[in-house]
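Below is one structure; the comments refer to it alone.
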Amino acid sequence: VNVLEAGGDYGWPVASEACNYGTDDPVGVSHADREGVTAPVHVWPCGGDGFPPSGATIYDGDAFPSWRGDLFAGNLAGQYLGRLSIDGRAVDERAPLLADQGWRVRAVADDPAGRLYVAIDAESAPLVRLSPA
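Numbered per my numbering, the sequence shown spans residues 20 to 152.
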């Protein structure tokens, strides 16, 4: 996760903290090994405990006030919806959502009313709308 600043060089496509899907094999060169590039404020580990993010959104709706400004990202391999609270350059990875469903989360989006929708990567899969408790 990068916090974008005017004129920032985030290294792509030369510097990356990514790995080939499902492995510990790095893709590219680490930001730490490239002079003059800005490192991400948050990275997920590679391998079995990794988080290959799919679709993502920063929530700015009213239905979930405590989630405003949080980053939501689908996790295909881990089969959950990830949530990150971001405050400047500080990132707090929150408890996964929908983890008990066994769904490969493909995409997440919010609508003008502030409702969150999650698309599942499966044939005849539901479109899930999250509702406040």
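The C-beta atom is built at its ideal place from N, Cα and C for all residues, glycine as well.
Remember, predicted model here, so these are calculated numbers, not experimental data.
Could you check the C-alpha separation between residue i and residue j for me, to the nearest Å?
| i | j | result |
| --- | --- | --- |
| D79 | L90 | 10 Å |
| A18 | A144 | The shown model of the chain, from 20 to 152, leaves out residue 18, and the question about it has no answer. |
| W15 | E142 | There is no way to answer for residue 15, as the model of the chain reaches only from 20 to 152. |
| A34 | A96 | 23 Å |
| P59 | L117 | 26 Å |
How is residue i classed by DSSP in three states: helix, strand or coil?
| i | result |
| --- | --- |
| G66 | helix |
| D106 | strand |
| P84 | helix |
| D111 | strand |
| A51 | helix |
| A152 | coil |
| A34 | strand |
How far does the beta strand (DSSP E) with residue i in it extend, from its first residue to its last?
| i | result |
| --- | --- |
| P72 | 72-77 |
| A138 | 135-139 |
| L23 | Per DSSP, L23 belongs to no beta strand (DSSP E) and is neither H nor E. |
| D129 | 124-129 |
| L146 | 146-149 |
What does a CB cutoff of less than 6 Å around residue i pick up in its chain, not counting 5 residues either side in sequence?
| i | result |
| --- | --- |
| G121 | Q98 |
| E112 | L103 |
Based on DSSP bridge pairs, tell me the residues matched to residue i.
| i | result |
| --- | --- |
| G101 | A92 |
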